[in-house]
Structure formats: structure tokens, C-alpha cells
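**Student:**
Numbering (the working numbering), first residue to last: 9 to 472.
1. Just to confirm before moving on: does the CB-CB distance between residue 400 and residue 252 stay below 9 Å?
2. Looking at the structure shown, is residue 222 part of a helix, part of a strand, or coil, going by DSSP?
3. Based on Cα-Cα distance, which residue from 310, 437, 296, 353 lies nearest to residue 342?
4. Classify residue 99 as buried or exposed, calling it buried when 16 or more other Cβ atoms lie within 10 Å of its own Cβ.
5. Within the present structure, is the beta-carbon of residue 143 separated from the nearest heavy atom of the ligand ATP by less than 8 Å?
6. What does the Cβ neighbour count give for residue 262, buried or exposed, with the cut at 16 atoms within 10 Å?
7. Report buried or exposed for residue 214, applying the criterion of at least 16 other Cβ atoms within 10 angstroms of its Cβ.
8. I need the DSSP call for residue 400, collapsed to helix, strand or coil.
9. Please report how far the alpha carbon of residue 58 lies from the alpha carbon of residue 160, in whole angstroms.
10. So residue 300 packs on residue 339, CB below 8 Å; how close in whole Å?
11. Count the other CB atoms, across all protein chains shown, that sit within 10 Å of the CB of residue 88; report buried if there are 16 or more and exposed otherwise.
12. Out of curiosity, what's the CA-to-CA distance linking residue 28 and residue 168?
13. From the DSSP secondary-structure annotation, give me the bridge partner or partners of residue 307.
14. List the whole-angstrom C-beta distance separating residue 452 from residue 377, where the pair is believed to meet the contact cut-off of C-beta under 8 Å.
15. Hey, quick one: how far does the beta strand (DSSP E) through residue 8 stretch, first residue to last?
16. If residue 450 and residue 392 are in contact, beta carbons under 8 Å, what's the gap, nearest whole angstrom?
17. With 16 as the cutoff for other CB atoms within 10 Å, does residue 246 come out buried or exposed?
18. Give the secondary structure of residue 235 by DSSP, where H, G and I count as helix, E and B as strand, and everything else as coil.
19. Mapping DSSP to helix, strand and coil, what is residue 158?
20. Compute the Euclidean distance between the alpha carbons of residue 191 and residue 257, then round it to the nearest angstrom.
21. Roughly how many whole angstroms lie between the Cα atoms of residue 408 and residue 463?
22. Going by DSSP, what residues sit across from residue 123 in a beta bridge?
23. Classify residue 362: buried if its beta carbon has 16 or more other beta carbons within 10 angstroms, exposed otherwise.
24. On the premise that residue 307 lies in contact with residue 346, defined as a C-beta separation below 8 Å, what is that separation, rounded to the nearest angstrom?
25. Thinking residue 30 and residue 60 are a contact (beta carbons under 8 Å), I'd like their distance in whole angstroms, please.
26. Nearest by alpha-carbon distance to residue 45: which of 386, 259, 130 is it?
27. Which residues bound the beta strand (DSSP E) around residue 272?
28. In the stretch 322-402, which residue ranges form an unbroken beta strand (DSSP E) of at least 3 residues, counting only runs that do not cross its ends?
29. Over what stretch of residues does the alpha helix (DSSP H) that includes residue 59 continue unbroken?
30. Which residues share a DSSP beta bridge with residue 35?
31. Between the C-alpha atoms of residue 122 and residue 75, what's the straight-line distance to the nearest angstrom?
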């Protein structure tokens, strides 16, 4: 009644990819404010919805337009998307029979109705039909086309339709816009330069751009060129901007004419490895096909080869990747990322890998001053200001964190977690004030900042 294991793998890959873009939009204060403004009148508790909330609501809206052809397959697909997007949970692919039994039960129908009733966001200001596309199209956002394709794929998978079907065309999802029309190389480089820290990475990228520009000029003059690979290794700890830089590189390569589309597809070991002989190669092929014309970004890539014994298919994934890197070298850039030493071991584990990677970008831990800049940037985007006393306490905190850091220290992730703790403390402090001024709502004081040792202890617990 519901699809096969391969179908579940396809659903999971779609969801994991779009969640990476949701993460990016959640850090875009302008986007979050604009999309929440559409429901402000209906949002009595004045809390901001995240992108994932709107995404699920948009999926339900689109799904309801096809209620006349609803099937058990479509019902399962909607529930699967909900569980993956909101809960990060994916059904066990080895228990197809039990999943079939569940979908056929009355309990499942009740569960699906609850999903639809409890997750639909209503708004009289919604004109486009879907919240996310309305805001992305208005701002000519570079992710607009990616979400269009995601919504289209959801409907195609749910209802077994074709892209040129009349119903799909009526929603305007079959006509993809060129997301790069509003994008320029100058804009991308400005975004790169605005990233905090990463001076050595920015220098490496500038030198790579110079090389690619000269290659184009030589080609235009009919001169021979040495073949340049875009495949790259990112080395360094988490939270240092590797995914952000990979996304910028995909756009840079596109503007320079070395990639045809410039999209980024993000995956990891779980997105590439299957549980049965022969399926891993198919899974890798699917991810590569989605990445053609852009960048395939594999985070913690060393995990592919760390469990080489038993029924592990990491070597199959690596061998398939090597072949695809060679076959599609003219319109695919593979970026693998992870901790420095494990990544060096990973690249050296296979001669085919080592020969295809000759470009290494090193991402260093952020300094205390840079961690402070990141905190201030997050605060500014979220409409907060920081008192002088609070800044002094934060400075002490970041110095302590830097002095005691280990390789697994989360850098910007730690800063974001600390910021959320600070605004929680602020809320607890001011909630009892009868008349709260705008300045009070915006200001983080020394009292709102956790003690440096408290933050250090939490970081040591989570990153060991």
C-alpha cells in the first residue's frame, strides 16, 4: 500500500536537503520577521514561528488542493514529511510490512487529521498560497527556486503525478524561476567578506577566483588550460562556517561559468549509505544527480570509512563517488568536510580520493573577539542591544571558552546556544514588570548573561 524502501530513502533525502535550507532561513532575521508578519494578527502569544512551521503548513495547503485524488500513499507521504520536518524522525525502512499495517489502520487516519488540523497556519495576508514562496518571491531570494522544486516534488511523490500535469501547472510550481537573476558575483563576494573571521579561507577563495578568471581568459584566446578540479576538502571544527562557505562557493562557481546551476545539496553518511548490497550505489547516484550543476557537500565525510567491517557499505559509497566525480567533473563540485585529522585519514584511505582532491581549506576556531562579534551580530539581527556590563561579562566568557577549547568545540553553535540562554534569562527577569518599555525588551544586561564558569561547564558536557 505504501511505497518501497527506495521510496522511503527518496523521501528522507528530500527532507534532509530542505531542512538544511530551513536552517539557513532561520538565521535570516529579515525573512523570519517578514513571514511572521503575515500571521501577526493571528499570533496572540507573539512568538515567532520558525521556517519549519510554515513549511509544514504550506505542505498541508498544497496537499488539500489534491484531496479529490487522495490515497493511502499520499496520506503516508504527508505524515512522513511532517514527522521528518518537525520531529527529525524517519520511519524504519526495514519494517515496511508494519508500516503498511499502520497506514491501513483507523488510528493512522485520526493521527493524520490531527496533523492537518493542528499545523495549518491561517492568515488573511497570504496571497501566494504558500507562506514561504510568497516571501521568497517578493524578496527575489536565491532559495526561491529550490523551494519551488521541493513543493513540486512533494506533490509528484504524494499523488504519483507528472510535472506537466494540469493540476501541477495550475499551482505555478512547474514553471521554475531563475533564482540567480537577482544574484551577482559581486553580491556573493560581499556576503563572503561580511562573514566574521575566516581570513585564510577568504584569501584561498580569492586566489581560486583569480585562477578561474584567468582560465576563462585563456580559453577565450584559444590557449590551452590545465584541468582544474573544483573538488575541495574543508578541514576544521564544527560551527566555523563550512556549510555557509560551501553555499557561497556554489554560487561563485556558477557566476564564473564553471557550474551550470549553482545549487548546494547537503548530505552525510546516512544520506549516502543504504542497508543492503547494491543499494548504496543507487543512493549515491540519486544524490549526485540532484547535485549536478552545483555543489555536493558531505559533512563529516570521514564517517563513510570509519566502519569498514561487517555489513557496512561505506567503501561502496566512496567508490561510487569517485566514479561520479570523474564522470561529472565538468559540472559538479564535491566538497567534503570534517575534523582535520579524521579528514586527512579519509582522503588518504583511497588513492582515487587523494588524486581528486588537491584543494584544502582550513577553518580555524574563532578567537574570543570573533565569538563576541558573532554574538553581537545575532543580537542585532534579533533586535537586541547589549549593555556595557553585559559585554564585559561576555568577553570574559569567550576568553574562558577559547582557553579551554577542544577540537569538538562548537564555535558559532555555542554562541547561538548562549544567546538563547541569555534571552531566556532576560525574559525571566522582566516578565513581572508591569509596564515594559521597548528599551527594556531590547536590552540584555549583565544579569542576563550566565556566569562564565557555568557556560564553560555546559560546553564541556555537550562537546566531550
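From the three backbone atoms N, C-alpha and C, an ideal C-beta is built for every residue, glycine too.
**Tutor:** Well, looking at it:
1. Numbered from 1 along the chain shown, position 392 holds the residue referred to as residue 400. Numbered from 1 along the chain shown, position 244 holds the residue referred to as residue 252. Their beta carbons are not under 9 Å apart, which means residue 400 does not touch residue 252 by this criterion.
2. Locating residue 222 in the chain shown gives position 214, counting from the first residue. The answer is helix: DSSP assigns residue 222 an H, G or I state.
3. By 1-based counting over the chain shown, the position of residue 342 is 334. For residue 342, the nearest C-alpha among the options comes from 296.
4. The sequence position of residue 99 within the chain shown is 91, counting from 1. Label assigned to residue 99: buried.
5. Among the components of this structure there are no ligands whatsoever, and the ligand ATP is therefore not found.
6. Position 254 of the chain shown holds residue 262. It is buried - the Cβ of residue 262 has at least 16 other Cβ atoms within 10 Å.
7. The residue you call residue 214 lines up with position 206 of the chain shown. Exposed is the call here.
8. To locate residue 400, count along the chain shown from 1; it is residue 392. Reduced to three states, the DSSP call for residue 400 is helix.
9. Numbered from its first residue, the chain shown carries residue 58 at position 50. Numbered from its first residue, the chain shown carries residue 160 at position 152. Between residue 58 and residue 160, the C-alpha separation is close to 22 Å.
10. Position 292 of the chain shown, counted from the first residue, corresponds to residue 300. Position 331 of the chain shown, counted from the first residue, corresponds to residue 339. With 8 Å as the limit, residue 300 and residue 339 qualify as a contact, their Cβ atoms being about 6 Å apart.
11. Your numbering for residue 88 matches position 80 in the chain shown. So residue 88 ends up on the buried side.
12. In the chain shown, counting from the first residue as 1, residue 28 sits at position 20. In the chain shown, counting from the first residue as 1, residue 168 sits at position 160. So the two alpha carbons sit approximately 26 Å from each other.
13. For this step, residue 307 is matched to residue 299 along the chain shown. Paired residues: 345.
14. Position 444 of the chain shown, counted from the start, is the residue given in the question as residue 452. Position 369 of the chain shown, counted from the start, is the residue given in the question as residue 377. About 19 Å separates the two Cβ atoms, so there is no contact after all.
15. Outside the shown range of the chain (9 to 472) lies residue 8, about which nothing can therefore be said.
16. Counted from its first residue, the chain shown places residue 450 at position 442. Counted from its first residue, the chain shown places residue 392 at position 384. Confirmed, Cβ separation roughly 6 Å.
17. As a first step, residue 246 is located in the chain shown; it is residue number 238 there, counting from the start. Label assigned to residue 246: buried.
18. Sequence index remark: in the chain shown, residue 235 carries index 227 (1-based). Residue 235 falls in the coil class under three-state DSSP.
19. Counting from one through the chain shown, the residue named residue 158 turns up at place 150. DSSP places residue 158 in helix when its eight states are reduced to three.
20. On the chain shown, residue 191 is found 183 positions in, with the first residue counted as 1. On the chain shown, residue 257 is found 249 positions in, with the first residue counted as 1. When rounded, the distance between both Cα atoms is 13 Å.
21. Position 400 of the chain shown, counted from the first residue, corresponds to residue 408. Position 455 of the chain shown, counted from the first residue, corresponds to residue 463. So the two alpha carbons sit approximately 9 Å from each other.
22. The count along the chain shown starts at 1 and reaches residue 123 at position 115. For residue 123, which the question treats as bridged, DSSP gives no partner whatsoever.
23. The count along the chain shown starts at 1 and reaches residue 362 at position 354. By the neighbour-count rule (16 or more Cβ atoms within 10 Å), residue 362 is not buried but exposed.
24. The residue given as residue 346 occupies position 338 in the chain shown. The residue given as residue 307 occupies position 299 in the chain shown. That pair is a contact at about 7 Å.
25. Here residue 30 is taken as the residue at index 22 of the chain shown, counted from 1. Here residue 60 is taken as the residue at index 52 of the chain shown, counted from 1. With a Cβ gap of about 5 Å, residue 30 and residue 60 count as contacting.
26. Counted from its first residue, the chain shown places residue 45 at position 37. It is 130.
27. By one-based count along the chain shown, residue 272 stands at place 264. Looking at the DSSP string, the run of the beta strand (DSSP E) that includes residue 272 is 272-275.
28. 341-346, 368-370
29. As a working note, residue 59 is residue 51 in the chain shown. Under the DSSP assignment, residue 59 falls in the alpha helix (DSSP H) whose first and last residues are 59-72.
30. The count along the chain shown starts at 1 and reaches residue 35 at position 27. Answer is none; residue 35 lacks a bridge partner.
31. Looking up residue 122 in the chain shown gives position 114. Looking up residue 75 in the chain shown gives position 67. If I take the Cα positions, the gap works out to 16 Å.
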